[in-house]
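Quick note, in full-length UniProt numbering, the sequence shown goes up one by one and the last residue is 166.
By construction, the Cβ of each residue, glycine as well, lies at the ideal position given by its N, Cα and C atoms.
Okay, structure first, notes after.
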Amino acid sequence: MARRDLRQIRRAYTQTLLLAGRHWRRLADMAADAHGISEAKALPLVLIARMGGAPRQNALAEALGIEGPSLVRLLDQLCAADLVRRREDATDRRAKVLSLTPAGETVVARIEADLDRLRETVFAGVSAADLEAGLRVFAAVQAPLRGQGDGQENGTADRISDGGAE
């Protein structure tokens, strides 16, 4: 009986996680769009700032969870829009270091301010302790998934059954 209850809880959790993620992305997209930028371009900008303002290109790709070639296209567009600069790493000329331009810093500051206001509204009834507990759950969920790509290593994909996508 307890096992079945746990299965139902896990299903409800993953379904809620997917729906909440979709809703948050929609809201974040609207916040970015208000500044003339897509959510797909806003996320790299925001992460460059959050990563200390000078991450290597491969570190940003990893943080975004995308492949290098996909990031290159986004960075080309962000550089053309004068929001990001790309330069060779002084210690490894094969690597590229990214930084925000003054225009990029302005856009990020505005987007972050909008997202902070949105978070205040969305999480108004949620305590800091509950948010911290949620972060612990997310960390526990992500731990077995890290480095698995398509889920085939360690048999994760083989264990997914009966609509595990939710």
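Non-local beta-carbon contacts of HIS35 in its own chain, meaning distances under 7 Å to residues more than five positions away in sequence, involve VAL107, ARG110, ILE111 in chain order. For SER70, the uninterrupted alpha helix (DSSP H) segment begins and ends at 68-80. DSSP lists LYS96 as the bridge partner or partners of GLU88. If you draw a straight line from the Cα of LEU118 to the Cα of ALA31, it comes to about 9 Å.
In the DSSP secondary-structure assignment, ARG56 is bridged to VAL97. Note on geometry: alpha-carbon atoms of LEU71 and GLY125 lie some 36 Å from one another.
Comparing C-alpha distances from ASP33 to each of LEU115, LEU135, ALA129 shows the shortest one belongs to LEU115. Distances from the alpha-carbon of PRO69 to those of ASP5, ILE48, ASN58 put ASN58 closest. GLY65 sits exposed, since fewer than 16 C-beta atoms from the chains shown fall within 10 Å of its C-beta. DSSP places ALA109 in the uninterrupted alpha helix (DSSP H) bounded by 102-122. ARG146 has its alpha-carbon roughly 20 Å from the corresponding atom of LEU43. Under the three-state reduction of DSSP, ILE37 is assigned to coil, being neither helix nor strand.
Below 8 Å, enough C-beta pairs join the region 82-95 and the region 46-60 to call them touching: three or more. Under the criterion of beta carbons closer than 8 Å, LEU100 and ILE37 do not qualify as touching, at roughly 13 Å. Bounds of any alpha helix (DSSP H) do not take in VAL126, whose DSSP letter is neither H nor E.
Going by beta carbons, LEU83 and GLY104 fall inside the 9 Å limit. In the same chain as LEU75, and ignoring 5 residues on each side of it, the C-beta atoms closer than 8 Å to its own belong to PRO44, GLN57, VAL84, ARG86, LEU98, in chain order.
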